[in-house]
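Below: the structure, in structure tokens.
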Amino acid sequence: MQSVVVDPADRLWILDTGNPLFAGSSYGGPKLVAVDLRTDRIVRKLLFPPEVVPSNSYPNDVCFDLRRGAEGMAFITDSGGSNGVIVVDLATGRSWRRLTGHPSVLPDEQFLPIIEGEPLMIRPADGEPTYYETGSDGIALSADGQRLSYSPLSSRRLHSVSTDALADPDATDAEAAATVEDLGFKPMADGLESDDKGRLYGGDLEHNSIWRRNPDGTYRTLAQGTDLIWVDTLSVASDRHLYATANQLNRMSLFHEARICAASPISWSACRSTPDRSGSCDPSSPRHVTAWSLSRCAPGRAAVGLVPGQDPLRVGPDVAVRGDGE
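Take a look at the structure:
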């Protein structure tokens, strides 16, 4: 299970890569599953044919536009194989690929980010380090549904493409590629999110922070701290808060010569309502959660929704971060 998204119809969509060990998948493994949250029952299961999701693919992130077609469409980044974007017609279950191997979905060659003060490379216990090169990953839909923003993980570039071109099953790859727009620099990010004001959100993996890209292309740092290590999934919720996960992916043994890591508690906080008048979330409330998880190769905590002890991120109509009121 790679991605979990709740759509406007109150369905929980689960994206299964079918390739958890990166050893290849077979038909029936990669799929998109919908759960009706009102009944907690699986209501859809959409399988991807091999020509859409080859064995070396890795379906990564997904977003939905229920305004398209009879029941909506899903757009999925493929971080494996030749990289690209997968499109799914939710009414028919039909799926197709676009932008396969296009430069905008490929990782930058010899990409070498600095995370927690260390160059991030794949470091096997008995071999030479290699570059960590992962293609199309983060994905977000514009408020009007006309453009899809996306970015490779191993890159500091942002692109967008026409969703009309992606959603047309009869369009060619060349026709879709002709609509790609280079949006310039962005921080190295994993997941992306958008809001109804035309703003884009992501994590800056090299600076332990969360940023916002405004419609005019300018950026603002919303939050920064040692609790925001490898911000991944972000979600603008109906309560107008921005929630984010920080999974500390850079601490995996993959990057640390296969060193075994011990289990330690990881805590996070998530305020789903307005904080108290003191401007902080009440840690004794049911919304403050402490859970057990595997640490990576260094101790740390993951933050969801906010930096613990501070206000959650509000995304509209104004943004209030850490009580600054802006």
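For the sequence shown, our numbering assigns the number 964 to the initial residue and increments by one for each residue that follows. Backbone N, C-alpha and C fix where the C-beta goes; we use that ideal spot for every residue, glycine too. A quick note: this is a predicted structure, and the numbers were derived from the prediction, not measured.
Tell me the DSSP secondary structure of residue i in three-state form.
i            : result
residue 1038 : strand
residue 1218 : helix
residue 1156 : strand
residue 1023 : strand
residue 1066 : helix
residue 1000 : coil
residue 1248 : Because the pLDDT at residue 1248 is just 34, under 50, the model does not fix this residue reliably, and the value given afterwards should be weighed accordingly. Three-state DSSP puts residue 1248 in coil, outside helix and strand.
residue 1212 : helix
residue 994  : strand
residue 1144 : strand
Does the ligand ADP have even one heavy atom less than 7 Å from the beta-carbon of residue i?
i           : result
residue 974 : Because no ligand of any kind appears in the structure shown, any question about the ligand ADP cannot be addressed here.
According to the Cβ coordinates, are residue i and residue j closer than 8 Å?
i            : j            : result
residue 1163 : residue 1207 : no
residue 1116 : residue 1124 : no
residue 1189 : residue 1174 : no
residue 998  : residue 1008 : no
residue 1193 : residue 1217 : no
residue 1152 : residue 1105 : no
Looking only at its own chain, which residues have a Cβ that is under 8 Å from the Cβ of residue i, when we skip the five neighbours before and after it?
i            : result
residue 1108 : 1028, 1030, 1031 and 1126
residue 1010 : 990, 991, 993, 994 and 1056
residue 1147 : 1120, 1121 and 1180
Which residues in the same chain have their Cβ closer than 6 Å to the Cβ of residue i, if we skip the five residues on either side of it in sequence?
i            : result
residue 969  : 975
residue 1221 : 1088
residue 981  : 988, 992 and 993
residue 1196 : 1154 and 1208
residue 1092 : 1084 and 1086
Say whether chain B places a C-beta atom closer than 8 Å to the C-beta of residue i.
i            : result
residue 1063 : The structure shown contains no chain B; it is built from a single protein chain.
Among the residues of its own chain, which have a CB less than 7 Å from the CB of residue i, if the five just before and after it don't count?
i            : result
residue 1187 : 1170, 1171 and 1172
residue 1199 : 1156, 1158, 1205 and 1278
residue 1139 : 1061, 1062, 1124, 1128 and 1129
residue 1022 : 965, 978, 980, 993, 1016, 1039, 1041 and 1049
residue 972  : 1029
residue 1001 : 973
Open item on the list: For a minimum of 4 consecutive residues, which ranges assigned as the alpha helix (DSSP H) are wholly contained in the segment 1069 to 1108?
Closed with: Taking 4 residues as the shortest admissible run, the segment 1069 to 1108 contains no complete alpha helix (DSSP H) segment at all.
Open item on the list: Measuring CB atoms only, is the segment 1084 to 1095 touching the segment 1126 to 1141, in the sense that at least three cross pairs come out at less than 8 Å?
Closed with: Between the segment 1084 to 1095 and the segment 1126 to 1141 there are fewer than three C-beta pairs closer than 8 Å, too few to call the two in contact.
Open item on the list: Across the segment 1093 to 1111 and the segment 1065 to 1073, are there enough close Cβ pairs to call them in contact, namely three or more that are closer than 8 Å?
Closed with: Counting C-beta pairs with one atom in each stretch, the segment 1093 to 1111 and the segment 1065 to 1073 have three or more that are closer than 8 Å, which means they touch.
Open item on the list: Could you check whether the segment 1071 to 1078 touches the segment 1028 to 1044, counting it as contact only if at least three pairs of C-beta atoms, one from each stretch, sit closer than 8 Å?
Closed with: Cβ pair count under 8 Å is below three, so no.
- [ ] Return the chain-ordered ranges of every alpha helix (DSSP H) run that is complete within the segment 1104 to 1142 and spans a minimum of 4 residues.
- [x] Qualifying alpha helix (DSSP H) stretches, in chain order: 1126 to 1130 and 1136 to 1140.
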